[in-house]
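Enquirer: Mind having a look at this structure? Questions to follow.
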Amino acid sequence: MTQTVIRDAMIWNGVADAAFPGTVVVEGNRIDKVIEGAAVPSGLSDNVIDGSGMTLMPGMVEGHCHPSFTGISEPTELGQLCPEKHMLLTAQNLRLLLSHGFTSIFEAASAKPMLGVTARDAINEGLIDGPRMMAGSPEVTTTAGLGDERKRHIYQESFGLVADGPDEMRRVARECVRDGVDVMKINISGDEFVSHARAEITPTEDEELAAFVKVAHAFDKMVAAHARSSQSVKMAVRHGVDCIYHCDFADEEALDMLEGAKDRIFVGPAFGLVHNSTREGDVVGLTREVAESMGLFRKFEATCATYHEIRKRGVRVVVGGDYGFSVTPMGQNARDIEHFVRYFGYSPVEALRCATHVGAELMGRSDELGLVKEGYLADLLLVRGDVVQDVSLLQKQDNLALIMKDGVAWKDPRRSDQNAPGLIQAAE
139 MTQTVIRDAM IWNGVADAAF PGTVVVEGNR IDKVIEGAAV PSGLSDNVID
189 GSGMTLMPGM VEGHCHPSFT GISEPTELGQ LCPEKHMLLT AQNLRLLLSH
239 GFTSIFEAAS AKPMLGVTAR DAINEGLIDG PRMMAGSPEV TTTAGLGDER
289 KRHIYQESFG LVADGPDEMR RVARECVRDG VDVMKINISG DEFVSHARAE
339 ITPTEDEELA AFVKVAHAFD KMVAAHARSS QSVKMAVRHG VDCIYHCDFA
389 DEEALDMLEG AKDRIFVGPA FGLVHNSTRE GDVVGLTREV AESMGLFRKF
439 EATCATYHEI RKRGVRVVVG GDYGFSVTPM GQNARDIEHF VRYFGYSPVE
489 ALRCATHVGA ELMGRSDELG LVKEGYLADL LLVRGDVVQD VSLLQKQDNL
539 ALIMKDGVAW KDPRRSDQNA PGLIQAAE
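Here you go:
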């Protein structure tokens with residue numbers, strides 16, 4: 139097996155409070171040795187990468203990822219894309235995510251049935267470049283829920299599969315199981331850009347959610363939920379949802395329930411969309427006046443307050459910010475780590491843990507991903523500078539000297555042509 143030695147780096151192992159000087163030896167696709175100290179033992183391979191002045195850390199995990207969201211301004215645009223072109227654009231996004239240091243992704247929903255499953259399988263078979271991937275179903279919703287773009291006078295596809303009542307929920311859930319997904323997604327609450335079902339409205343009913351979750355768990359699938367309203371958060375906890383996204387308007391009772399289930403659940407703010415819509419919306423025509431009229435500034439404040447509380451209560455939180463809209467270009471994903479520090483009160487190391495070790499737990503692979511540890515899979519980043527002190531370094535592709543997935547250097551600082559693997563540039 140090929141041996142690669144990464145020497146003279148500062149190693150942040152994914153959980154420690156500080157980095158330490160050392161050398162890592164990769165054998166095949168796994169980490170063979172983690173050697174602390176500045177001295178490099180003799181007898182190692184001459185296939186050496188110099189990590190001087192850089193931080194070696196685990197590859198990042200995107201915990202709320204929509205690779206099939208293709209820079210849209212309106213949800214209906216996803217329904218208008220033919221499946222063939224949509225798959226090609228999804229593949230492009232997956233390569234882009236890998237080129238930004240995300241070696242694993244948890245798909246928060248696929249924009250069409252089979253896009254995520256096909257992408258996951260193509261990555262595993264080596265047909266396309268991309269991160270390790272847990273493939274998601276489309277977002278299952280109810281009539282008048284988030285993802286239902288139909289009108290009386292026109293049928294319009296979007297990113298949702300519509301089901302009403304427990305029986306339809308069971309049928310749609312079983313169809314997604316049959317497709318081969320890893321993650322089942324359901325939209326319990328509405329959202330601010332849905333005129334008839336804003337964020338604090340809860341269209342999905344208890345018996346519908348219960349039926350959906352029961353089917354998913356019977357087939358050993360994870361369940362992720364869109365839940366902005368306080369009621370929807372409580373429903374998600376009660377019915378055993380595994381990953382609860384947003385939680386913006388969670389009240390004290392909902393927060394207590396999240397804390398009580400903290401050893402079982404994960405949450406994710408998906409804050410990138412909230413942030414960009416209120417801070418950078420002008421670039422896509424979302425003016426401050428429009429954002430204010432939609433209640434987005436109120437949602438921004440609510441999200442910040444909620445995640446200060448969630449952090450204090452020790453609930454596991456994953457990064458991932460609903461990237462893939464025109465206002466949140468794919469490739470900006472690492473911004474969420476700095477958002478955790480700036481807006482939610484996390485320390486840099488705490489935020490980095492959310493992007494690595496906690497993400498690996500969400501993937502169900504914390505025994506082999508998310509740490510720089512002997513025996514773990516060699517998904518590694520070598521970052522120019524001290525990322526433990528400045529997490530913003532992860533936002534610039536030029537700072538990612540090494541991107542290694544499964545022991546293969548997808549980006550290698552020793553190559554003169556850093557775009558050799560086909561790196562794609564994106565807005566940063």
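Under our numbering, the residues of the sequence shown are numbered 139 to 566, in order.
Ideal placement from N, C-alpha and C gives every residue a C-beta, glycine not left out.
No experiment lies behind these values; they were computed from the predicted model shown.
Going by DSSP, name the residue or residues bridged to Y383.
Expert: Here the question's residue 383 lines up with position 245 in the sequence shown. According to DSSP, Y383 bridges with H364, G406.
Enquirer: Could you tell me which residues DSSP pairs with Y274 in its beta bridges?
Expert: The count along the sequence shown starts at 1 and reaches residue 274 at position 136. Residue 274 is actually Gly in this sequence, not Tyr. Partner(s): V321.
Enquirer: Between V529 and the rest of its own chain, which residues show a CB-CB distance below 7 Å, the 5 nearest in sequence each way excluded?
Expert: For the purposes of this step, residue 529 is identified with residue 391 of the sequence shown, where counting begins at 1. For V529, where only same-chain residues beyond five positions count, the Cβ hits under 7 Å are I475, E476, V479, P486, A489, L490.
Enquirer: To test your reading of the DSSP string, which unbroken beta strand (DSSP E) runs of 3 or more residues are found completely within the stretch 159-214?
Expert: Runs found: 168-174, 186-188, 192-196, 198-203.
Enquirer: With C-beta atoms as the reference, is L227 less than 8 Å away from N471?
Expert: Position 89 of the sequence shown, counted from the first residue, corresponds to residue 227. Position 333 of the sequence shown, counted from the first residue, corresponds to residue 471. No.
Enquirer: With E512 and V178 assumed to form a contact (beta carbons below 8 Å), what rounded beta-carbon distance in angstroms separates them?
Expert: Looking up residue 512 in the sequence shown gives position 374. Looking up residue 178 in the sequence shown gives position 40. So it is not a contact: roughly 17 Å between Cβ atoms.
Enquirer: Quick one: is A177 near chain B, going by C-beta distance under 8 Å?
Expert: The structure shown contains no chain B, having only a single protein chain.
Enquirer: Do H202 and G459 have their C-beta atoms within less than 8 Å of each other?
Expert: Looking up residue 202 in the sequence shown gives position 64. Looking up residue 459 in the sequence shown gives position 321. Cβ atoms of H202 and G459: closer than 8 Å.
Enquirer: To the nearest angstrom, report how far apart D302 and V526 are at their CA atoms.
Expert: Counting from one through the sequence shown, the residue named residue 302 turns up at place 164. Counting from one through the sequence shown, the residue named residue 526 turns up at place 388. Taking the straight line joining both Cα atoms gives about 47 Å.
Enquirer: Using a Cβ-Cβ cutoff of less than 6 Å, which residues in the same chain neighbour G318 once the five nearest sequence positions on both sides are dropped?
Expert: Residue 318 sits at position 180 when you count from the first residue of the sequence shown. Correct list, in chain order: V255.
Enquirer: In angstroms with no decimal places, state the Cα-to-Cα distance between D401 and M198.
Expert: Here residue 401 refers to the residue found at position 263 of the sequence shown. Here residue 198 refers to the residue found at position 60 of the sequence shown. Their backbone Cα atoms lie some 22 Å apart in a straight line.
Enquirer: Tell me whether F482 sits in a helix, a strand or coil according to DSSP, three-state version.
Expert: Residue numbering aside, residue 482 sits at position 344 when the sequence shown is read from its first letter. It is helical.
Enquirer: Give the straight-line distance between the Cα atoms of E338 and G191, rounded to the nearest whole angstrom.
Expert: If you number the sequence shown from 1, residue 338 lands on position 200. If you number the sequence shown from 1, residue 191 lands on position 53. Roughly 48 Å separates the two Cα atoms.
Enquirer: Looking at the secondary structure, which residues open and close the alpha helix (DSSP H) in which I448 lies?
Expert: On the sequence shown, position 310 is the one that residue 448 refers to. Run containing I448: 434-450, per the alpha helix (DSSP H) assignment.
Enquirer: Per DSSP, what kind of secondary structure is R290 in: helix, strand or coil?
Expert: In the sequence shown, the residue the question calls residue 290 occupies position 152. R290 falls in the coil class under three-state DSSP.
Enquirer: Take R473 as the anchor and find which of M432, G423, Q533, A429 has the nearest alpha-carbon.
Expert: Mapped onto the sequence shown, residue 473 falls at position 335. Nearest option by C-alpha distance: Q533.
Enquirer: With DSSP run on the structure shown, which of helix, strand or coil describes R145?
Expert: Translated into the one-based positions of the sequence shown, residue 145 becomes position 7. Note: R145 maps to strand in three-state DSSP.
Enquirer: Whose C-alpha, out of E222, F331, R316, G452, is nearest the C-alpha of M395?
Expert: Residue mapping note: residue 395 aligns to position 257 of the sequence shown, counting from 1. When only C-alpha atoms are compared, the closest one is G452.
Enquirer: List the whole-angstrom C-beta distance separating P269 from L299, where the pair is believed to meet the contact cut-off of C-beta under 8 Å.
Expert: Reading the sequence shown from its first residue, position 131 is the one you call residue 269. Reading the sequence shown from its first residue, position 161 is the one you call residue 299. No, P269 and L299 are not in contact; Cβ-Cβ is about 25 Å, not under 8 Å.
Enquirer: With burial defined as no fewer than 16 other Cβ atoms inside 10 Å of the residue's Cβ, what is the status of D380: buried or exposed?
Expert: Translated into positions along the sequence shown, residue 380 becomes position 242. Flag for D380 reads buried.
Enquirer: By Cβ distance, which residues of its chain are closer than 8 Å to I266, with the 5 residues on each side in sequence left out?
Expert: Within the sequence shown, numbered from 1, the residue matching residue 266 stands at position 128. So the list reads A229, L232, R233, A257, A260, once near-sequence residues are dropped.
Enquirer: Quick check on G497: buried or exposed, where buried means 16 or more other Cβ atoms within 10 Å of its Cβ?
Expert: Start at 1 with the first residue of the sequence shown, and residue 497 comes out as number 359. By the 10 Å Cβ count, G497 comes out buried.
Enquirer: What does a CB cutoff of less than 7 Å around A354 pick up in its chain, not counting 5 residues either side in sequence?
Expert: By 1-based counting over the sequence shown, the position of residue 354 is 216. Closer than 7 Å at Cβ, skipping near neighbours: A311, M322, V361.
Enquirer: Which first and last residues belong to the beta strand (DSSP E) in which R522 is found?
Expert: Counting from 1 along the sequence shown, the entry for residue 522 is found at position 384. Where R522 is concerned, the enclosing beta strand (DSSP E) stretches over 518-522.
Enquirer: Run through DSSP, which three-state label would L424 get?
Expert: Numbered from its first residue, the sequence shown carries residue 424 at position 286. Looking at L424 - three-state DSSP - the assignment turns out to be coil, as it is neither helix nor strand.
Enquirer: So for S248, helix, strand or coil by DSSP?
Expert: Taking the first residue of the sequence shown as 1, we reach residue 248 at position 110. It is coil, neither helix nor strand.
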